[in-house]
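Everything on this sheet refers to the single structure shown next.
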Amino acid sequence: KTNQARLDCFFKAG
Amino acid sequence: MFEAKLTEGLILKKIVESIKDIVTDVNIDISPSGISLQAMDSSHVALVSLNLSMDGFEHYRADTNMVLGVSIANLAKVMKLADNNDQITLQADQEATHLKIIFENPKTERTTEFNLNLITIDSEHLAIPETEYSSVVTINSGEFSKICKELFSLSETVQITTNTDYVQFSVEGEVGSGQVRLGHNDSEKKEDQTILEVSESVQQQFAIRYLNMFNKASTLSSFTRLCLHQEQPLVVEFKIDNLGVLKYFLAPKISD
Chain X
25 KTNQARLDCF
35 FKAG
Chain E
969 MFEAKLTEGL
979 ILKKIVESIK
989 DIVTDVNIDI
999 SPSGISLQAM
1009 DSSHVALVSL
1019 NLSMDGFEHY
1029 RADTNMVLGV
1039 SIANLAKVMK
1049 LADNNDQITL
1059 QADQEATHLK
1069 IIFENPKTER
1079 TTEFNLNLIT
1089 IDSEHLAIPE
1099 TEYSSVVTIN
1109 SGEFSKICKE
1119 LFSLSETVQI
1129 TTNTDYVQFS
1139 VEGEVGSGQV
1149 RLGHNDSEKK
1159 EDQTILEVSE
1169 SVQQQFAIRY
1179 LNMFNKASTL
1189 SSFTRLCLHQ
1199 EQPLVVEFKI
1209 DNLGVLKYFL
1219 APKISD
């Protein structure tokens, strides 16, 4: 089973 | 005052077509050196990043930095007015309420103008860290497009594996399981080439649905560059000759 990660986990809000 | 004229207007038409299924409202950043935009899809899984250099335009003038908020769906509708051979000019005044788009065909003497209303978008700008990607794969864009399309009919998810010998796209679904493997190929026929630059092997899973959306940009570039890093989103990059680059970022699927 896989879950879709979100970009927010990798990139900081600037 | 901002004004930019692109001789090959079809490129702009293709760019809009290539992003309209992913992002809805977009802030276009105008600067004296070029045009850029960055926007995420509503689920924060994919991000579009476009950079166009002023050097690629026949004429370019931007006195100051400006932000033009645009509905991409509406921009796509306006772009439909353009003939494939049209030159496209974009114009906006300081503190503009609309973006003027002019399509001109010097051969047929047809000119079309549209004032697209601008909107205010409160969008989140993400800082993308400088990443040294441990695997970079350069592959014919038509071929990558076809692989993704066909694999999607077999599975929602693709596992991309890289090593120094090959890049592998594997799926596992109700139908069965299988993989497409491409080895490093620097044959004389440039369009057949697959170039692998792998310093560290990567294995990640991605939703093919998004890759298919990104691949709409395959008409902009003969090659697609896939940049991978085990701990980072995938970058799918399309270089636009003499003008700039269109990049898509895609967050991986993570096993429980």
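Protein sequence lines, in the order shown, are assigned to chains X and E.
When you read off a place in the first sequence, starting at 1, and then add 24, the result is the number in our numbering.
When you read off a place in the second sequence, starting at 1, and then add 968, the result is the number in our numbering.
Note that the Cβ used here is the ideal one computed from N, Cα and C, for glycine as well.
Just to confirm the assignment, what range does the alpha helix (DSSP H) spanning residue i have?
i	result
E/M1181	I1176 to F1182
E/I990	First-last for E/I990: undefined, no H or E at that position.
E/K1117	S1109 to F1120
By the 10 Å Cβ neighbour count, where 16 or more other Cβ atoms means buried, how is residue i classified, buried or exposed?
i	result
E/I1222	exposed
E/Q1006	buried
E/Q1062	exposed
E/N1108	buried
E/E1263	The displayed coordinates of chain E run from 969 to 1224. Any statement about residue 1263 of chain E would go beyond what the structure contains.
E/G1144	exposed
E/D1009	buried
E/S1121	exposed
E/G1151	exposed
E/P1201	buried
E/A1014	buried
E/S986	buried
E/G1002	buried
Give me the Cα-Cα distance between residue i and residue j, rounded to the nearest whole angstrom.
i	j	result
E/N1131	E/P1220	18 Å
E/T1162	E/T1106	6 Å
E/E1199	E/K1184	26 Å
E/L1210	E/I1128	Reading off the sequence shown, one finds Asn at residue 1210 of chain E, where the question assumed Leu. Between E/N1210 and E/I1128, the C-alpha separation is close to 30 Å.
E/P1097	E/A1041	29 Å
E/C1116	E/D1031	43 Å
E/H1027	E/K973	5 Å
E/H1066	E/N1083	6 Å
E/S1153	E/F970	Rather than Ser, the amino acid found at residue 1153 of chain E in this sequence is Asn. C-alpha separation (whole angstroms): 44 Å.
E/K1075	E/Q1055	11 Å
E/F1174	E/T1079	44 Å
E/S1102	E/R1193	13 Å
E/E1111	E/K1158	13 Å
E/T1187	E/S1011	26 Å
X/R30	E/E1077	48 Å
E/D1023	E/E1100	27 Å
Starting from residue i and walking both ways along the beta strand (DSSP E), at which residues does that stretch end?
i	result
E/L1015	A1014 to S1021
E/C1195	F1191 to L1196
E/V984	Counting along the chain, E/V984 falls outside any beta strand (DSSP E), though it belongs to the alpha helix (DSSP H) covering G977 to I987.
E/G1037	M1034 to S1039
E/E1159	From DSSP, E/E1159 is part of no beta strand (DSSP E); its letter is neither H nor E.
E/G1151	S1145 to G1151
E/F1137	Y1134 to E1140
E/R1078	R1078 to N1085
E/K1215	G1212 to L1218
X/L31	X/L31 -> no beta strand (DSSP E), and no H or E assigned at all.
E/N1073	H1066 to N1073
E/E1205	L1202 to I1208
Since residue i and residue j should fall inside the 8 Å C-beta cutoff, what is the C-beta to C-beta distance between them, to a whole number of angstroms?
i	j	result
E/A1050	E/K988	Not quite, the Cβ-Cβ distance comes to about 14 Å (not below 8 Å), so this is no contact.
E/I996	E/V1038	6 Å
E/L1196	E/I983	Between E/I983 and E/L1196 the Cβ distance is about 24 Å, and since that is not below 8 Å, they are no contact.
E/V1203	E/L1179	About 12 Å separates the two Cβ atoms, so there is no contact after all.
E/G1212	E/N1033	Incorrect: roughly 17 Å between the Cβ atoms, too far for contact.
E/D1224	X/K36	That belief does not hold up - the Cβ atoms of E/D1224 and X/K36 are roughly 25 Å apart, past 8 Å.
* To do: Please list the residues of the region 1106-1138 of chain E that have a C-beta atom closer than 8 Å to any C-beta atom in chain X, keeping them in chain order.
  => For the region 1106-1138 of chain E, which is checked against every Cβ of chain X, the residues closer than 8 Å are T1125.
* Asked: Along the region 1091-1105 of chain E, what residues have a CB closer than 8 Å to any CB found in chain X?
  -> Only E1092, H1093, L1094, A1095, I1096 and P1097 from the region 1091-1105 of chain E bring a Cβ to less than 8 Å from some Cβ of chain X.
* Below 9 Å between beta carbons is the criterion; list the residues of the region 1049-1072 of chain E that meet it against any residue of chain X, in chain order. => None of the residues of the region 1049-1072 of chain E has a beta carbon lying less than 9 Å from any beta carbon of chain X.
* Asked: Can you list, in chain order, the residues of the region 1009-1026 of chain E whose Cβ is nearer than 7 Å to any Cβ on chain X?
  -> Those would be H1012, V1013 and L1015, in chain order.
* **Interface positions of the region 1203-1221 of chain E facing chain X (Cβ-Cβ less than 8 Å), listed along the chain** => If the cut-off is 8 Å between Cβ atoms, the region 1203-1221 of chain E has F1217, A1219, P1220 and K1221 near chain X.
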